[in-house]
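Trainee:
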Amino acid sequence: MSQLNITKEGPGNFIIDGDLTFATIDKQTLKSFSFLKSAKEITLDLGGVSSTDSAGLALMIEWIRYSQHNRTHIIFKNIPEQLLNLAKLSGFDQSSHFNEGSKEKIQDESLDINT
52 MSQLNITKEG
62 PGNFIIDGDL
72 TFATIDKQTL
82 KSFSFLKSAK
92 EITLDLGGVS
102 STDSAGLALM
112 IEWIRYSQHN
122 RTHIIFKNIP
132 EQLLNLAKLS
142 GFDQSSHFNE
152 GSKEKIQDES
162 LDINT
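Using the numbering used here, the first residue of the sequence shown is number 52, and each one after it goes up by one.
1) Can you give me the C-alpha to C-alpha distance between Asp68 and Ser141, rounded to a whole angstrom?
2) Rank Thr103, Lys128, Ser85 by C-alpha distance to the C-alpha of Leu71 and give the top, closest one.
3) Starting from Lys139 and walking both ways along the beta strand (DSSP E), at which residues does that stretch end?
4) Leu87 and Thr123 look like a contact to me (Cβ under 8 Å); what is the Cβ gap, rounded to whole Å?
5) So what does Asn64 bridge to, in DSSP terms?
6) Does the distance from the C-beta atom of Leu137 to that of Ser105 stay below 8 Å?
7) Would you identify the three-state DSSP class for His124, choosing helix, strand or coil?
8) Please name the residue in Asn56, Lys91, Glu92 whose C-alpha comes closest to that of Thr75.
9) Near Phe65, which residues of its chain fall below 6 Å by C-beta distance, leaving aside the five closest residues on each side in sequence?
10) Given this structure, state the Cα-to-Cα distance separating Met111 from Phe127, to the nearest angstrom.
11) So, helix, strand or coil for Ser105, using DSSP?
12) To the nearest angstrom, report how far apart Ser89 and Asn121 are at their CA atoms.
Encoded structure:
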């Protein structure tokens, strides 16, 4: 089991690494949504997530809801295949945050930003 870490990479950019599971998501994680208000557009790179379960999907959905409530645009990059599969099973794959077209668009946008 690897601890869940949220690391600021730059303005509005955060890296999520470790396990995104019932065992690693605690009350402190659920209370620490303030980073989602640090910019009008937030990018969360999930490429460092090593393991996930339905708690990880639930946390992502809460991040989306919190961002919508605070009028912040949230973008997920490098969503692990395991989370995409859970989203499909749960019917959340229709959300622009989880569908494959959105994933490709996000990857294309991130390439444009870095060049």
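By construction, the Cβ of each residue, glycine as well, lies at the ideal position given by its N, Cα and C atoms.
Mentor: Here's the rundown:
1) Taking the CA atoms as reference points, Asp68 sits about 23 Å from Ser141.
2) Thr103
3) Note, Lys139: premise wrong, no beta strand (DSSP E); alpha helix (DSSP H) at 132-141.
4) 6 Å
5) Gly61, Thr94
6) yes
7) strand
8) Asn56
9) Shown here for Phe65: same chain residues with a beta carbon closer than 6 Å to its own, the five before and five after excluded, namely Ile57, Lys59, Leu95 in chain order.
10) 9 Å
11) helix
12) 11 Å
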